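Numbering (this note's numbering), first residue to last: 164 to 422. Cβ coordinates follow ideal geometry from the N, Cα and C atoms, glycine included. Model, not experiment: these values are computed from the prediction. All remarks here apply to the structure that follows.
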Amino acid sequence: MTIKCRTAAKTIAIACLFGSLALAPMADACTRILWNTNKLAVFVGRTMDFPVSTEPLITVLPRGMARDGGMFAGQQIDAVNPARWTSKYGSIITSVYGAGTADGFNEKGVGMHLLYFIPADFGARDATKGGLQAALWGQFVLDNAASVEEALTLLDGVQPLMVDHDGIKATVHLAIEDATGDSAIIEYIPGGKKTVYHNRDYRIMTNDPSYDQQLANRASYNFDNATRQTPIPGNTDAKDRFIRADYYRQWLPEPKDTR
Numbered sequence: 164m165t166i167k168c169r170t171a172a173k174t175i176a177i178a179c180l181f182g183s184l185a186l187a188p189m190a191d192a193c194t195r196i197l198w199n200t201n202k203l204a205v206f207v208g209r210t211m212d213f214p215v216s217t218e219p220l221i222t223v224l225p226r227g228m229a230r231d232g233g234m235f236a237g238q239q240i241d242a243v244n245p246a247r248w249t250s251k252y253g254s255i256i257t258s259v260y261g262a263g264t265a266d267g268f269n270e271k272g273v274g275m276h277l278l279y280f281i282p283a284d285f286g287a288r289d290a291t292k293g294g295l296q297a298a299l300w301g302q303f304v305l306d307n308a309a310s311v312e313e314a315l316t317l318l319d320g321v322q323p324l325m326v327d328h329d330g331i332k333a334t335v336h337l338a339i340e341d342a343t344g345d346s347a348i349i350e351y352i353p354g355g356k357k358t359v360y361h362n363r364d365y366r367i368m369t370n371d372p373s374y375d376q377q378l379a380n381r382a383s384y385n386f387d388n389a390t391r392q393t394p395i396p397g398n399t400d401a402k403d404r405f406i407r408a409d410y411y412r413q414w415l416p417e418p419k420d421t422r
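Below you can see the structure in the form of structure tokens.
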């Protein structure tokens, strides 16, 4: 689990990796929770519940690093129009297989999280956009953006590309947030259609089904007058975890300090 706290003036990181917390054999069960409704700061946490180790390393990355979105694990995967850039902002990240970034935040308080999303389909190659291997999708945001708004504009100019590490495909969707509490969820659904959900109310993300279906399912629950007897779903399914995470988020007490 990676936990981060952001304020407008500074970024406080508690980067604690508890390893692979798979709830069941072959579970691909990650959850991201954004807490942007308290009066103290913006907090975000995620679990990495994967059936095998992603060989994570918590790493500090400086400004001025040259990137090539057409390279993956030392292999060129896009020679058409690879996205190339030099990092504008420093970041602290959790790497995945030494070839990309699963989570992180930059010096401006922008954070990103890649979660498993089986239906992910980045579509046919659009040569007018810079090719960006999917494991660097979030790092591109950290390197270049100072806000969610800026990140979304920059992401319009690139296309994530599917990559494969020992049979594990980068079928992922992306969550981003910033120090103001703004949030966005970005998915590429079957057919290569890019869908963006941009609103500070989009605090929870798990896995598939697609985010519109997750929101529709959440709308069928009303926890306005919930008590300890109110039933909530208890399985490990992504839809159940989405509801449960949002339920508990609503009852978080107002913090007295960042700890």
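> When every heavy atom of the ligand FAD is checked, does at least one fall within less than 8 Å of the C-beta of T421?
Replying inline: Summarising the ligand content, the structure contains no ligands, and the ligand FAD is consequently not present.
>> If the criterion is Cβ atoms closer than 9 Å, does the pair V335 and A382 meet it?
In response: no
> Quick one: what's K356 bridged to in DSSP?
Replying inline: In DSSP, K356 forms a bridge with I352.
>> Looking only at its chain, what residues have a beta carbon closer than 7 Å to the beta carbon of F235, apart from the 5 residues adjacent to it on each side?
In response: A262, Q296, A298 and V326
>> So, with DSSP's three-state summary, where would you put G237?
In response: The answer is coil: DSSP assigns G237 none of H, G, I, E or B.
> What span of residues does the beta strand (DSSP E) with G440 cover, start to end?
Replying inline: With the chain represented from 164 up to 422, any question about residue 440 goes unanswered, as that position is not in the structure.
> Is the beta carbon of L197 less than 9 Å from the beta carbon of G344?
Replying inline: Yes, they are a contact pair.
> Could you check where the alpha helix (DSSP H) with R404 kicks off and where it finishes?
Replying inline: A401 to Q413
> Where W248 and N398 are concerned, what is the direct C-alpha to C-alpha distance, given to the nearest angstrom?
Replying inline: 43 Å
> Taking the Cβ atom as the reference point for each residue, do E350 and F303 lie within a distance shorter than 9 Å?
Replying inline: For E350 and F303, no; Cβs fall outside 9 Å.
>> Quick check on P353: buried or exposed, where buried means 16 or more other Cβ atoms within 10 Å of its Cβ?
In response: exposed
> So A192 and A408 are in contact, right, with Cβ under 8 Å, and what is the actual spacing, rounded?
Replying inline: No, A192 and A408 are not in contact; Cβ-Cβ is about 11 Å, not under 8 Å.
>> Give me the residue from H361, F405, D329 and N380 with the minimum Cα distance to T217.
In response: Looking at the Cα atoms, D329 is the closest of the given residues.
>> Our contact map puts R230 next to K251 with C-beta atoms below 8 Å; I'd like the distance itself, whole angstroms only.
In response: The pair is not a contact, with the Cβ atoms about 11 Å apart (cut-off 8 Å).
> Helix, strand or coil: which one does DSSP assign to A443?
Replying inline: In this structure the chain extends from 164 to 422, so residue 443 is not present and cannot be described.
> Tell me which same chain residues have a C-beta within less than 7 Å of the C-beta of V359, skipping the five on either side of it?
Replying inline: L315, A347 and I349
> With 16 as the cutoff for other CB atoms within 10 Å, does A308 come out buried or exposed?
Replying inline: buried
> Should D341 go down as buried or exposed, given a rule of 16 or more other Cβ atoms within 10 Å for buried?
Replying inline: buried
> Among all the DSSP beta bridges, which residues are the ones paired with V215?
Replying inline: BP columns for V215 are empty, so no partner.
>> According to DSSP, is Q392 part of a helix, a strand, or is it coil?
In response: Reduced to three states, the DSSP call for Q392 is coil.
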